[in-house]
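In our numbering, the protein residues as written are 1 to 365. Ideal Cβ positions, reconstructed from N, Cα and C, are used throughout, including at glycine. This report refers to the structure that appears directly beneath it.
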Ligand SMILES: *Cc1c(COP(=O)(O)O)cnc(C)c1O
């Protein structure tokens, strides 16, 4: 069986250095808010090209913390609206709800699966305060168009970059294309910890300080509380592991690009739509997502032939019980995408033979 994802294989290259890092943290006797987190924040900010990075507990919290910080600053208020693509992973939308704001769903572009900028302006109301772009599957959203709309209407532009570590847009990296960006280091992401972890990147010093404080109960100084904060910190163990893996992320990306290019060049089946890639080098290729009218049949066929796949995602957020208040929305492109997409294996450590077998099996379908 070719697995969709093999986290053990992904981490194999880093095994020794990760073990050393884990040992170092254990022996340090200091596990939260210490040198490892500071070092990773510095390194990850440098990697993204931003002035600041704040480590937090996970990617969902990273988004929520940015929004809470803006509420704290008075930039947004409870009940204000945030524009977000309708086909994102539900966490982008949950973060908006959890901050007391209202998600406003916008259809994606059927070719890129990212938010369609031509549909954004019609959704703007006097309560709209931000656009949360999501770089889905690893390809950057149309940031120039979004940035123009955001400036025109005085909105914050944010990135959910949980799937786009290292992706590039006009020479700049994901995380450095907006007012504030958020990352997840969930084990399966392109930069993955061995547990939950996340970060916020920004060039705004006040926002960075506020996110850091709110993530630590609203406290910058021990037992002095300036905001009603939460507990959402990046621990030393995850930070140390992330510093090790950050050193290899560009090498990992090359492997993703090689395999993605192989798929693009060799999958030849009229029934399958391949992803549209503007620029291979700039795409983080978190996922390789194909589309077909008979998605469920294809998934079963691949499984029968020893190939595991996943669907990102089977049910759109507005059709989830959790968001039943949104169930009447008409979002035909989003629904079509959810009915047709299928993600094929593209994890670090997948072998050439495995990739070849996947192509041959797809071409025979
Ligand atoms: C993974 C992911 C998140 C959430 O990250 P967690 O660390 O799992 O909380 C948010 N948005 C997108 C687009 C994601 O893929």
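Sorted by chain position, which residues of the same chain lie with C-beta nearer than 6 Å to residue 7's C-beta, five sequence neighbours on each side aside? Taking the first residue of the chain shown as 1, we reach residue 7 at position 7. The answer, listed in chain order, is 187.
Looking at residue 92 and ligand 1, is the gap between the Cβ and the nearest heavy atom below 7 Å? Counted from its first residue, the chain shown places residue 92 at position 92. For ligand 1, at least one heavy atom lies less than 7 Å from the Cβ of residue 92.
For residue 288 and residue 368, believed in contact at Cβ under 8 Å, the rounded distance: Nothing can be reported for residue 368, as the shown portion of the chain is limited to 1 through 365.
For residue 140, does the count of other Cβ atoms within 10 angstroms reach 16, so buried, or fall short, so exposed? Numbered from its first residue, the chain shown carries residue 140 at position 140. Per the 10 Å Cβ criterion, buried.
Residue nearest to residue 369 in terms of C-alpha spacing, selected from 5, 3, 294 and 18: Shown here, the chain extends from 1 to 365; a query on residue 369 therefore has no answer.
What's the call for residue 64, buried or exposed, on a 16-neighbour Cβ count within 10 Å? Translated into positions along the chain shown, residue 64 becomes position 64. With 16 or more other Cβ atoms within 10 Å, it is buried.
Residue 264: first and last residue of the uninterrupted beta strand (DSSP E) it sits in: Your numbering for residue 264 matches position 264 in the chain shown. From DSSP, residue 264 is part of no beta strand (DSSP E) but of the alpha helix (DSSP H) over 249–266.
Endpoints, alpha helix (DSSP H) assigned at residue 332: Start at 1 with the first residue of the chain shown, and residue 332 comes out as number 332. Segment 332–340, the alpha helix (DSSP H) holding residue 332.
Cβ-based burial, residue 20 [other Cβ within 10 Å; buried from 16]: Indexing the chain shown from 1 puts residue 20 at position 20. Label assigned to residue 20: exposed.
Candidates 15, 94, 362 and 168: which alpha carbon is nearest residue 278's? Taking the chain shown and counting its residues from 1, one reaches residue 278 at position 278. Out of 15, 94, 362 and 168, 168 has the C-alpha closest to the C-alpha of residue 278.
Where the beta strand (DSSP E) through residue 52 begins and ends: In the chain shown, residue 52 corresponds to position 52, counting from 1. It spans 52–56 - the beta strand (DSSP E) in which residue 52 sits, taken as one unbroken run.
Are residue 82 and residue 104 close, meaning C-beta to C-beta below 8 Å? To locate residue 82, count along the chain shown from 1; it is residue 82. To locate residue 104, count along the chain shown from 1; it is residue 104. A contact, by the Cβ cut-off of 8 Å.
Quick check: the stretch 192–209 against the stretch 49–56, are at least 3 beta-carbon pairs closer than 8 Å? yes
Is the stretch 32–52 close to the stretch 157–176, with three or more CB pairs under 8 Å? By the criterion of at least three beta-carbon pairs nearer than 8 Å, the stretch 32–52 is in contact with the stretch 157–176.
Over the uninterrupted beta strand (DSSP E) stretch that includes residue 349, give me the two end residues. For the purposes of this step, residue 349 is taken as residue 349 along the chain shown, with counting starting at 1. Looking at the DSSP string, residue 349 is not in any beta strand (DSSP E), and its letter there is neither H nor E.
What are the start and end residues of the alpha helix (DSSP H) that includes residue 157? What you label residue 157 is simply residue 157 of the chain shown in a count that begins at 1. Counting along the chain, residue 157 falls outside any alpha helix (DSSP H), though it belongs to the beta strand (DSSP E) covering 156–160.
Which runs of the beta strand (DSSP E) spanning at least 3 residues fall entirely within the stretch 74–135, listed in chain order? Here the runs fully enclosed are 81–85, 102–106 and 128–134.
Can you give me the C-alpha to C-alpha distance between residue 293 and residue 263, rounded to a whole angstrom? By 1-based counting over the chain shown, the position of residue 293 is 293. By 1-based counting over the chain shown, the position of residue 263 is 263. Distance between the alpha carbons of residue 293 and residue 263: 19 Å.
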